[in-house]
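Visitor: Residue numbering for the sequence shown follows my numbering, starting at 134 and increasing by one per position.
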Amino acid sequence: MKKVTIAPLNRICMLLALCFLALGIETAQAQIDFPDDTDDEIPTAPIDGFIGLGLVAGAYYGIQKLKKKK
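#1: I need the straight-line Cα distance from ILE165 to ILE158, nearest angstrom please.
#2: Express the C-alpha separation of GLU174 and PHE167 in angstroms, rounding to a whole number.
#3: How big is the Cα-Cα spacing for ASP170 and LEU188?
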């Protein structure tokens, strides 16, 4: 079996790319603070009203598609 080696220049490029990515993750995960006057309460109208109905309709549609394939 042939042994695969990485050229030194490629190794340096990969190391630099890894460093840039590692440093970027810390910045990306930092969270900003909201001002005190931000209204972050739950909205009065729920968003999940028809999720159950959508799941049932999607399951029915998926089952029908699987039956047609057979």
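Backbone N, C-alpha and C define an ideal beta-carbon position, used for all residues, glycine too.
Guide: Result, derived from the coordinates:
#1: Translated into positions along the sequence shown, residue 165 becomes position 32. Translated into positions along the sequence shown, residue 158 becomes position 25. Taking the straight line from one Cα to the other gives about 15 Å.
#2: Your numbering for residue 167 matches position 34 in the sequence shown. Your numbering for residue 174 matches position 41 in the sequence shown. Using only the alpha carbons, I get a separation of about 13 Å.
#3: Within the sequence shown, the letter at position 37 stands for residue 170. Within the sequence shown, the letter at position 55 stands for residue 188. The alpha-carbon atoms of ASP170 and LEU188 are separated by roughly 37 Å.
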